[in-house]
Structure formats: structure tokens, C-alpha cells
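Asker: Each number in our numbering corresponds to the 1-based position in the sequence shown with 364 added. All C-beta atoms, glycine included, are put in the ideal place defined by N, C-alpha and C. Quick caveat: nothing in here was measured; it's all calculated off a predicted structure.
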Amino acid sequence: MGIRLSSISVSKYTFLVAAQLVLNVSLALWLYNEYLHNPFMQTYMSGLWSGIWPEAALTVGIAGGAAASLAAYRRGHLNMILKDAGAIGMTKAAGTSARLSMIDVCPFCDNPLKTLSEGRLQCRNCRRYFKSGMPKVAV
Ligand SMILES: [Zn+2]
365 MGIRLSSISV SKYTFLVAAQ LVLNVSLALW LYNEYLHNPF MQTYMSGLWS
415 GIWPEAALTV GIAGGAAASL AAYRRGHLNM ILKDAGAIGM TKAAGTSARL
465 SMIDVCPFCD NPLKTLSEGR LQCRNCRRYF KSGMPKVAV
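#1: By a C-beta neighbour count over all protein chains shown, 10 Å radius and 16 as the cutoff for buried, is Arg492 buried or exposed?
#2: So, for Leu480: in the same chain, excluding its five sequence neighbours on each side, which residues have a beta-carbon less than 7 Å away from its beta-carbon?
#3: Pick out every residue whose C-beta is nearer than 5 Å to a heavy atom of ligand 1: which are they, in chain order?
#4: What's the C-alpha gap between Arg438 and Ile467?
#5: Are the Cβ atoms of Cys490 and Gly411 separated by less than 8 Å?
#6: How would you label Leu507, buried or exposed, when you count the other beta carbons within 10 angstroms and need 16 or more for buried?
#7: What is the residue span of the alpha helix (DSSP H) that Ser481 lies within?
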């Protein structure tokens, strides 16, 4: 879903992931540059990789898959894809504005929301934060 309701934890998490990505890419580029210009490292790497490449490829694959599914699970995407994809699509087609103005259940796990302050709601189950489209006085 392109639309994400405002959530403090998600934006923090996204920032952390972006920072780590930049760091990882720059470190990888630096290592690759070193590999290109250092003949000793080239011999070392070729000897090393011929011995361990099947295990290394398997480990990287498993770790990557686990990290991706953990990230998806933490952000609630897995839950949403498995359970609520159909329901959310239907309510969006029926009329988003009517649905958003009186949000009282979590769109991710269908639990009732707890009102924190005027216009701020939190899911009891997954702890996500939501903004209600309407002031609480009008309800
Ligand atoms: Zn929830």
C-alpha cells in the first residue's frame, strides 16, 4: 500500500535503515576499490572464495531472507499482505474519506484503538499510532 498512516516508530526505523544502507554501500565501495588496486588482496580473496563460496552464498542468502522477512514483519507489512490486503482494498474503493474520518479499529490487526489525546490514537495490539481525521468533540 502506498498510503501509510502516521506512525512515529516507522519513520524512526526508516531513517535508521537509510543511514545503515548509506554506511554499508560506502564500506562496500571502499572494499571493492581496495580489491581493485591491491594485488595481495586479490590473491587472498581468490584463494579464500574458491574454498568457501558455497557456504558463504548459502549464509548470505539465508541471512538476507531472514532480515527481509523480519523487517516486513516489524513494519506490519507481512500481516497486512497475508490478512488484510483484501479488506483494505475494498474499503478504499468504497470511500476513503468516510472511513478515515471515523477510524476506531486498527487497519492492520482489527483491534480497537485507544485514544491518547485529541486526534491521536494508538492500537492496543501492535502499538501503532494513528491520527483521526476529525476532532474528538465532533464524535
Ligand atoms: Zn494494530
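Answerer: In terms of the structure at hand:
#1: buried
#2: Gln486
#3: Cys470, Phe472, Cys473, Cys487, Asn489 and Cys490
#4: 22 Å
#5: no
#6: Here the chain covers residues 365 to 503 and nothing more, so residue 507 does not appear.
#7: Counting along the chain, Ser481 falls outside any alpha helix (DSSP H), though it belongs to the beta strand (DSSP E) covering Leu477 to Ser481.
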